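*Asks:* Pasting a structure below so you can have a look.
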Amino acid sequence: MKEDYPLKNETISMTLKLEKDVADTLKKMSEYVKLSESEMVNTAVKRFIATHSDFLPPRR
């Protein structure tokens with residue numbers, strides 16, 4: 566499953582706000598599994614998008 570995490574496409578930088586406990590936990594997880602925070606967040610957001618299509622505007 567770790568092969569799902571590397572960033573494979575063009576990337577951009579974004580500035581986001583996270584709750585402190587979420588950011589602290591993400592940092593601990595990143596250090597433990599040796600994946601970057603960006604890789605972990607990118608994968609988590611992809612999974613969120615895949616399961617929450619109701620958040621997307623309707624196609625025209």
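Taking this note's numbering, the leading residue of the sequence shown gets 566, the next gets one more, and so forth. For glycine and all other residues, C-beta sits at the position ideal for the given N, C-alpha and C. For clarity, every value in this text was computed on a predicted model and none was experimentally measured.
At which residue ranges does the region 574-599 contain complete alpha helix (DSSP H) runs of 4 or more residues, listed in the order of the chain?
*Replies:* As far as the region 574-599 is concerned, its whole alpha helix (DSSP H) runs of at least 4 residues are 585-598.
*Asks:* For the 8 Å Cβ check, are there 3 or more pairs between the region 582-589 and the region 609-622?
*Replies:* Judged by Cβ distances under 8 Å, the region 582-589 makes no contact with the region 609-622, as fewer than three pairs qualify.
*Asks:* Does DSSP classify Ser618 as helix, strand or coil?
*Replies:* In this structure, Ser618 counts as helix in the three-state DSSP scheme.
*Asks:* Cα-Cα, which of Leu621, Val598 and Glu602 is closest to Met566?
*Replies:* Nearest C-alpha to Met566: Val598.
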